[in-house]
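In this note's numbering, the protein residues as written are 280 to 1415.
Just below is one structure, and these are the notes that go with it.
Quick look at the structure:
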């Protein structure tokens, strides 16, 4: 068997176009020659060499790239995506030093429609910053860049934001409906943009994959150093590339790379590796070049990037800028050097006072991660060996070692890492295309290349890493001023693939059994003419089926045969109204006619589901399939046509009460109670290709008898299709007979019937088979007949039991209705037995048991100590829906006492909320079971003893005084006695042992500890004195002390003093110092607290003024008057 699998997204053709963006220095919107430079270029994949006419080496043999967009139309862009179906490119704005943004700013997505290559149309597609929720950052520039190329600029505000705002890579979904865009702002997010509506359908933050910042011998997370850029769509999955920049720690050991896959709205790590491997020297020959190798943590200091020569920027900072998959599943990872976006050719530093001109030398990389046993292995690892041991890559070598440029004679600069981070893979080509600076050598090896500052694409062999060829996109920057020479002068590299062609067709066959399904052994029909017709009814192409009965129509380029027609240009994507049709008046079809249509039950003509039936719909002239084309590559080889010989055919289906019930043990065999009606339905279908006269049809039943004899309907038979005289192909007739179900276990009722074992679809011994009625219907016509059985049985008896404890179901140990029953209190278990079937059950067939109590009823005999509280109608037969109730009475044991629970089932329960406090407790569990022949049922029930409960009331000198301002707070003078009383009460239904009781006071301390009364405590009332606190019993403890002066801090150390003794809230005397303490009683499973208070009295002084002794009440002016003034203590304490 040969199997071919087609992924339309892999289709590309033999020599597709490649596309990339080119960067031009200056302000594209300034009106100068920066804006008129070309920035979006395409060329044929097979191009090789250079095209520019150099004064030194002349013109190359390659064709120049096509120019689709000017700098003024779109500005700098890195990410590129291509929509095949509309021949439209999309480009995403990128932040780059010395290059101003295009018309839409940092959020700009531009569309370039190239359906007419002679006049491409550039559109300002959408500004992401105008869409709800999206923020790619704002242009950091405060001053315009030069309008003309060749004029240098400082562009100081851009450097810290490079690769941290605007957009990185971009890709398109395989259905071409959405763009996936990496927003670099705020550590990155993946934006999904619907192309048709220009709306955001998804925004997923790209997570920190595990970045660290080293601190001494340890590391801490550094999510701020997570920097995404790359995105790729592969086999329906979306992948992004992230690096940990180590910008925080500046420790190269913290540099790391990750490939993440989007799963739902989250990302999972697919592959990661450290970026501490050896790399080639960026510009070998510079004074400090050996110290500028490897990857360096990101920095925003321009001066730190300058080499010793004072004019060259060399400081490789990693960005994983592109991800591609090779045909074997290996990852190909492109890394661009961030420094390549910091500088350019002969441009300035960020310091306006620095007049030097600098040249950036990029140091990117191109890596491979092989798919080994289902996992990725970085080149240089086991199963993924490098191709050259040059100590310039992981493990000491490089897979793609032709990422270097040697200018020729000794003394020149050797660039060992020229990759610019963009990659493309043409499926099946066996090579990897990647953008590079110094991409093309213009003179033979060993000679001095005078034009090295170019940018272009190199084609690396996927197996041995050899350089297959190279193509120059932009010439040496000294010839075309404004390009970026050895810096990052090119953006993303995109394959421009045609949409996959579409093909329809496939099979015409002889349907020997007339079932409309392609069965093994059925022969193809050869030489049948098939037409492809468009929506206007015009025949587009004609094919003739081959020896295998196959035919095809294809829009692909190819050489046609009689059965396979290629170059059908009108077979276009996403179009309705097409037909594939077969004229029925062909000689080859003279004795045939179309078979059943869509007999498989699927009429969609879907290329995945509608597989093996006949799709043609006949109108007497044609058998035709109406279809619509889909997206690129959506082939449909399921347009099949079946034909049958002109022969009679008949079918019968018999149903019992609407059920087929063909087998005695089929799941659909109905249960019909004795005496209930039975309706047999007989459906007769013409499954041949010719009509059958009524007089030729006879229908019989081996039990019921004749239904129709030679077209005559018999008595007691209902015929639904009167007055039909002919049964046409595919038409049906329906007969019905109504009777009454017998008791199939009663031989007196089943004489002459066929009774078999059945109604046991699972074929289990329990409950086993039972008597099943079986009869067979037969239809006969000349040349054909058919039979079909059907069955039914009587229902099984069914039984249900519900067990109650003191009237509660209490099925689960933690159910809310589980009753609490104190030890010694009565327990009544009720067992409600119900017939839940359609047949009666004699009492002698019923047995009821309890797994703890034992037998309650055995074969209908009630056991001792069991009460039959409800016997229904008392006829000893449990009729359908009738219920009987049995009861058993007992006394509740103490479930915590092992001596009382021997042979009982005790479980954790009585905790309906599942809380830890008070938690579960011992719970009695038992199960009631009822059994009858062929059926059984069980039901549990539960109870528990009540929980112990405790209460405490604390009194001060006989007063509750719960609140500091309560009216009953006593006033006690300093030095007077204070008596605290602690009244402990059992407020539950169970006894509490004295040893389980502890009483404390938060000021005084322990009163009783585990039943032991503490010193200086009086056990004033111990109830009945039996050391057990019975339900509702109270005990009283007292402690006597001397009241302190609550205003004297030396007397209130470790006491709680609050504002109080101000019950009416008045402002005259106001609140005063009030002593507060809290009593607590604790037992296992419960506790209670109660506060009490007191305060000191206040002074109550009064003044009394009277005339002095002998003083006359009548005085003259100038007389002396004598008064006596008295101070009175009206309070209860001495005033000093």
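Quick reminder that beta carbons are idealized off the backbone N, C-alpha and C, glycines included.
Residue 508 is positioned such that its CB atom lies closer than 7 Å to that of residue 598. Annotation: residue 351 is outside any beta strand (DSSP E); the continuous alpha helix (DSSP H) that includes it extends over 350-353. Going by C-alpha positions, residue 502 is about 8 Å away from residue 466. Following the DSSP letters along the chain, one finds residue 829 inside the beta strand (DSSP E) bounded by residues 829-833. The alpha-carbon separation between residue 1324 and residue 1334 amounts to approximately 12 Å. Taking the Cα positions, residue 375 is about 32 Å away from residue 288. Taken through DSSP and simplified to helix, strand or coil, residue 759 comes out as coil.
Residue pairing for residue 802: DSSP places it in no beta bridge.
Cβ-Cβ separation between residue 391 and residue 445: approximately 19 Å, too far for a contact (criterion under 8 Å).
Under a 10 Å Cβ-count criterion, residue 900 is classified as exposed, with fewer than 16 other Cβ atoms of the shown protein chains found around its own Cβ.
For residue 593, there is no enclosing beta strand (DSSP E), as DSSP marks it with neither H nor E.
Under DSSP, residue 1141 shares a beta bridge with 1136. Put simply, of 633, 728 and 742 the residue whose alpha carbon is nearest the alpha carbon of residue 609 is 742.
Residue environment for residue 396: exposed (fewer than 16 other C-beta atoms within 10 angstroms of its C-beta). Between the stretch 1235-1255 and the stretch 1290-1309 there are fewer than three C-beta pairs closer than 8 Å, too few to call the two in contact.
Secondary structure within the stretch 434-515: the beta strand (DSSP E) runs of 3 or more consecutive residues, fully enclosed, are 446-451, 457-462, 468-473, 478-484, 491-494, 497-500 and 505-513 (chain order). Here the stretch 624-638 makes no contact with the stretch 739-753; the two share fewer than three CB pairs at distances below 8 Å. Along the stretch 997-1048, the beta strand (DSSP E) occurs as fully enclosed runs of 3 or more residues at 1011-1019 and 1033-1037, listed in sequence order. Three or more beta-carbon pairs separated by less than 8 Å link the stretch 707-716 to the stretch 753-770, which places the two stretches in contact.
Per the coordinates, the alpha-carbon of residue 540 lies some 15 Å from the alpha-carbon of residue 506. By DSSP's assignment, residue 923 forms a beta bridge with 872. Taking the Cα positions, residue 576 is about 14 Å away from residue 441. Exposure of residue 1256 is indicated by the presence of fewer than 16 other C-beta atoms within 10 angstroms of its C-beta. When only Cα atoms are considered, residue 620 and residue 478 end up about 30 Å apart.
Close CB contacts of residue 1266 within its chain, under the 6 Å cut and outside five residues either way in sequence, are with 1228 and 1230 (chain order). Rounded to the nearest angstrom, the gap between the Cα atoms of residue 469 and residue 480 is 11 Å.
Here residue 590 is exposed: its Cβ has fewer than 16 other Cβ atoms, across all protein chains shown, within 10 Å. Contact annotation: residue 702 and residue 613 have beta-carbon atoms nearer than 7 Å.
Looking at 847, 1301 and 327, the one whose alpha-carbon comes closest to that of residue 735 is 327. With a cut-off of 8 Å on Cβ pairs, the stretch 946-953 is not in contact with the stretch 803-820, counting fewer than three such pairs. C-alpha of residue 1070 to C-alpha of residue 1054: approximately 7 Å in a straight line. Segment contact: the stretch 924-944 against the stretch 957-972, three or more CB-CB distances shorter than 8 Å; contact assigned.
Contact between the stretch 580-590 and the stretch 541-554 is absent, with fewer than three C-beta pairs closer than 8 Å. The Cβ atoms of residue 366 and residue 345 do not sit closer than 7 Å to each other. In this structure, DSSP gives residue 698 an extended state, which the three-state scheme calls strand.
When only Cα atoms are considered, residue 1032 and residue 943 end up about 14 Å apart.
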